[in-house]
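Residue numbers (UniProt numbering), protein chains in the order written: chain L, 1 to 238; chain F, 1 to 297.
The beta carbon of each residue, even a glycine, is placed where N, CA and C say it ideally should be.
Read through the structure below, which is laid out as structure tokens, and then see the notes.
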Amino acid sequence: MKPNNKQILDQALAQLPQYKAPADIWKSIEQELDKEKGLPHIDRAISQYKADRVQAHLPWEKIEHALENQERLNRAIQSLPVHKLHKDVFENIIEKTQKEKPVRSSPYLYWIAGMAASLLLLLSFLWQNEIPASAEKIHITYREEAIPPTDWQAVYSQLPEEDELMQFIRENCARLAMQCQEPGFRGLLEEYLELHAARQELVNQLQTHREQTQLATYLVRIEKEKTEVGKKLIQHLL
Amino acid sequence: MKFLLTSGLLLLLVFFAGRLIAQGMVQVITKTVEKNFSCKEGESIQLEGEKAGIKVMGWEGKEVKVKLKLISKALTRQVAQQELDYQRYILEKRRGVIHLKNYFALPNGKAQLNAILLAEYEVWVPTGASLQITNSYGNVHVANTSGNTSIDSRYGNISLENMNGRGDYKSHFGDFTATTIAGQITCSFTHTKTSIQGITGSASFKNTLGDIYISGLTGISSLTVDAAKSDIHLSMNQLNHYQYQLESQFGEVTLPGHIKSSTVNHSAQLARWQYGAKGLPLIKVHTSFGKIILEGK
């Protein structure tokens, strides 16, 4: 340390604030020190303790002897002849172990078996309800039949597609609004529209299916009813 | 003489041959499926027909016997066979309900059939079994049953014979004919002509555009008809055993000859007639744009 620096340090140290320890602190330190002195049994143990040097006696001779034996054994093993075992040997071993293997029953097996039995019982109950009294008997027969030729196209193609009456009603109701508002007229018009829709339904059916005698009958009936209602509608407007 | 006879015979032969040629022969293939089901008390039969003729008969046995015929008629056997397969059916029993159904399954793109396809059901049921029948474009005939019966028919006739029990009937465009029916009967009809001969119990009809003819009303406890655009004909054996409330809007009430027509009250386009002591079984009829015709002694 250089002399200038020492001087500066001394000055700095002199400038440091001084703190006086409280008076009772020394007393408590003394007490602590006395406490340590007053642990007689520890003192005695420490004073009596002798760091005896433990001398481990390792059986080196024995270890060397063992290692020599191991080496001899390894040499002997390597010089042994190599034999291939027949597979029957293993099969016999496996068979033997399987025979000897104790049957271990798992509790889960009982649960699974119980559930399966319950399921089977339930299925058999349901199945019983669905079993019909007899199985289906199916037989097919062939025959010829004479049917009168009918041009189904002609049956409904002759019916007017354009509804002239509706056209007439539209034109006249525009001019005769009051008459068209009457309950009687409106009832008849609803009926007419219903018949028109029914007719259309039957025509659609005729186009798909051709066993048409009954359908044609209904179509004629609808047309007749429609005609009657149409006549009444016209009378209302005249 | 001989010449006349011979030429006459020849003409007849030509005529009939011509008719045969004109008629044409079709190949008809019929697939008949028969199946029986056990039917315990409380179990029911549900029949869904499509273009089917249905006959259901009650019998004393405890089984349901079903005979379903699927028929295909075409000019060639090949077409008849091919299109017969478009007709499918279900005959099974599930949870106490016997399901009988036929339907059509046309292949994609096929809009028109070349064969005439028909179905016919013949079903024998225990007399007390419940029946539920729906059908379109075919007739339904039910006889000799006493369980609950429900029939819903479109474009087909319903005919009933010797029926008892609760009956619920719907018909659109058909004829409804019943002989000797009893029980609690409810009918809802449109464009259906109704003829009933022999009815007992209570009956209620709602009908639009279908005339109703009812006779043999012995033992009826109440009859209610609520109709529109329909004529109602009632033929009574004993007029005085019932009380009547008859009214027709925009129509008329016609009474038997021995009852004065002046007793019909006309007011505000309504013709009304009331007759009979309170407490007697009530016959209540209302219609519009139609006539009510009462006959009897």
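| query | result |
| --- | --- |
| Listed by chain order, chain F residues near Thr227/L by CB distance under 7 Å | Those within 7 Å of Thr227/L in chain F number zero; the least Cβ separation is about 14 Å. |
| For Gly183/F and Glu161/F, the rounded distance between their alpha carbons | 13 Å |
| Ala14/L versus Ala23/L - alpha carbon distance | 23 Å |
| C-beta contact flag for Val66/F and Glu34/F at 8 Å | yes |
| Residues sharing a beta bridge with Glu144/L, DSSP | Gln27/F |
| CA nearest to the CA of Gly61/F, picked from Arg77/F, Val125/F, Val79/F and Lys31/F | Val125/F |
| Per-residue contacts from Lys137/L into chain F (C-beta, under 9 Å) | Thr32, Val33, Glu34 and Lys35 |
| Minimum Cβ-Cβ distance from residue 334/F to chain L less than 8 Å | Chain F is shown from 1 up to 297; residue 334/F falls before or after that span and cannot be answered. |
| First and last residue of the uninterrupted alpha helix (DSSP H) at Val203/L | Pro183 to Thr208 |
| Anticipated Cβ contact below 8 Å, Lys51/F with Leu131/F, distance rounded | 20 Å between Cβ atoms; not a contact. |
| 6 Å Cβ shell around Leu282/F - same chain, five flanking residues per side excluded | Ser222 and Gln243 |
| Per-residue burial, Tyr137/F [other beta carbons within 10 Å of its own, 16 or more giving buried] | buried |
| Residue of Asn207/F, Gln78/F and Ser267/F minimising C-alpha distance to Val285/F | Asn207/F |
| 8 Å Cβ cutoff, Tyr121/F in contact with chain L | no |
| Interface partners of Gln112/F on chain L, CB under 7 Å | Gln207 and Thr208 |
| Straight-line Cα distance separating His266/F from Lys101/F | 52 Å |
| Proximal chain F residues relative to Ser134/L, where beta-carbon distance stays under 7 Å | Lys35 and Asn36 |
| Any beta strand (DSSP E) of 3 or more consecutive residues that is wholly inside the UniProt domain "DUF4097" (121-267) of chain F | 130-136, 140-145, 149-154, 158-163, 167-208, 212-215, 220-228, 232-236, 243-249, 252-254 and 265-267 |
| Cβ shell of Gln245/F (< 6 Å), same chain only, five flanking positions each side left out | Gln274 and Lys284 |
| Unbroken beta strand (DSSP E) run spanning Leu91/F, endpoints | Gln87 to Arg94 |
| Beta-ladder partner(s) of Leu117/F, from DSSP | Ser72/F |
| Proximal residues to Val54/L (C-beta, below 8 Å), its chain only, five neighbours per side dropped | Any reading at Val54/L is ruled out, since the residue's pLDDT is 41, under 50, leaving its predicted position unreliable. |
| Alpha-carbon spacing of Gly114/L relative to Arg88/F, whole angstroms | 42 Å |
| Under 9 Å by beta carbon: chain L residues contacting Phe173/F | Ala198, Leu202, Tyr218, Arg221 and Ile222 |
| Short CB-CB distance (under 8 Å) between Leu215/L and chain F | yes |
| Host beta strand (DSSP E) of Leu282/F (start-end) | Leu282 to Ser288 |
| Beta-carbon proximity check, Gly174/F vs Thr149/F, cutoff 8 Å | no |
| Best match in Ile181/F, Ser153/F and Thr180/F for proximity to Tyr169/F [C-alpha to C-alpha] | Ser153/F |
| Three-pair Cβ contact test at 8 Å for the region 249-259 of chain F versus the region 211-221 of chain F | no |
| As assigned by DSSP and simplified to three states, the class of Ser44/F | strand |
| Run of the beta strand (DSSP E) containing Glu295/F, from where it starts to where it stops | Lys291 to Gly296 |
| Three-state class that DSSP yields for Leu84/F in the structure shown | helix |
| Distance, Thr263/F Cα to residue 298/F Cα | The structure shown has nothing for residue 298/F, since chain F only spans 1 to 297. |
| Which residues DSSP lists as bridging Gly109/F, in chain order | Looking at the DSSP assignment, Gly109/F forms no beta bridge with any residue, so it has no partner. |
| Span of the beta strand (DSSP E), counted from its first residue to its last, around Gly58/F | Ala52 to Trp59 |
| Alpha carbon of Asn135/F to alpha carbon of Lys278/F, nearest angstrom | 41 Å |
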